[in-house]
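Here's the structure we're looking at; comments come further down.
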Amino acid sequence: MLQEFHIKSYCHIKSQTVSVNGQTIFNDDSEDFSAFIKNAYKFLKTDYPKFFKMDNLSKLAFLAADVLLKNENLNEEENNIALIFSNKASSLDTDRKHQAAIENDAEYFPSPALFVYTLPNICLGEISIKHRLHSENSFFIFDRFNAEHLQLYANSLLRSGKAEKVLCGWVDLDENSYDAFLYLVENEGEIEHNTEEINRLYNIL
Numbered sequence: 058m059l060q061e062f063h064i065k066s067y068c069h070i071k072s073q074t075v076s077v078n079g080q081t082i083f084n085d086d087s088e089d090f091s092a093f094i095k096n097a098y099k100f101l102k103t104d105y106p107k108f109f110k111m112d113n114l115s116k117l118a119f120l121a122a123d124v125l126l127k128n129e130n131l132n133e134e135e136n137n138i139a140l141i142f143s144n145k146a147s148s149l150d151t152d153r154k155h156q157a158a159i160e161n162d163a164e165y166f167p168s169p170a171l172f173v174y175t176l177p178n179i180c181l182g183e184i185s186i187k188h189r190l191h192s193e194n195s196f197f198i199f200d201r202f203n204a205e206h207l208q209l210y211a212n213s214l215l216r217s218g219k220a221e222k223v224l225c226g227w228v229d230l231d232e233n234s235y236d237a238f239l240y241l242v243e244n245e246g247e248i249e250h251n252t253e254e255i256n257r258l259y260n261i262l
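Take the sequence shown: its letter number 39 is residue 96 in the numbering used here, and every next letter is one higher.
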């Protein structure tokens, strides 16, 4: 019989709201994403100066992950937690800004930092650095939220011993439209890690 795994905790960032396990922990009136995520960062006392150098997709992913991981009493040296993220547009929001800079003949000087953040896996790197994660990480592109893929991949990593825990989810952003749903999987928890429960949690908000 295959070993079963469970969802320990989950986070949503959507519609000017940050919630953990279905409970709102921060809400803001700002419809501008940059203002909203900055206010959330301050309220949640995230304390990571590099946050302000990130593009918006990385800020969204980083904050959602930080809300869950900072309550895990992680080791100060190394933590065997894998990351499996996904969205439908890769880093398109930042790609557009980089392309606009390239096409501006009058002020052609694209920022190296902007170019770097056109890579969607940069947000995985920032999360790994902050929380000292030393395990597999992947960023997948799907047409829509794919609970089955997250469930199968996470369970495979846990069963093989490649990770002790897996942080999974969906982090999508396009200008002021954003949707983050991350959840932490491990051996113990109250919610069974199956596609029905993953989809139910994703659609709570």
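Idealized CB from N, CA, C, for every residue including glycine.
Computed from a predicted model, the values in this text were never measured in an experiment.
Give the secondary structure of residue i by DSSP, where H, G and I count as helix, E and B as strand, and everything else as coil.
i           : result
residue 208 : helix
residue 105 : coil
residue 226 : strand
residue 77  : strand
residue 100 : helix
residue 137 : coil
residue 187 : helix
residue 119 : helix
residue 257 : helix
residue 214 : helix
residue 237 : strand
residue 113 : helix
residue 197 : strand
residue 71  : strand
residue 90  : helix
Check whether the Cβ atoms of residue i and residue j lie closer than 8 Å to each other.
i           : j           : result
residue 138 : residue 61  : no
residue 63  : residue 136 : no
residue 223 : residue 215 : yes
residue 65  : residue 183 : no
residue 209 : residue 196 : no
residue 185 : residue 178 : no
residue 239 : residue 97  : no
residue 69  : residue 248 : no
residue 140 : residue 228 : no
residue 109 : residue 235 : no
residue 207 : residue 67  : no
Whole angstroms are fine: how far does the CA of residue j sit from the CA of residue i?
i           : j           : result
residue 94  : residue 219 : 33 Å
residue 192 : residue 125 : 17 Å
residue 123 : residue 59  : 31 Å
residue 256 : residue 204 : 6 Å
residue 99  : residue 83  : 11 Å
residue 86  : residue 217 : 45 Å
residue 233 : residue 146 : 14 Å
residue 128 : residue 143 : 23 Å
residue 133 : residue 190 : 10 Å
residue 211 : residue 88  : 34 Å
residue 75  : residue 254 : 20 Å
Quick one: using the 10 Å Cβ neighbour count with 16 as the cut-off for buried, is residue i buried or exposed?
i           : result
residue 116 : buried
residue 244 : exposed
residue 119 : buried
residue 226 : buried
residue 130 : exposed
residue 200 : exposed
residue 72  : exposed
residue 104 : exposed
residue 250 : buried
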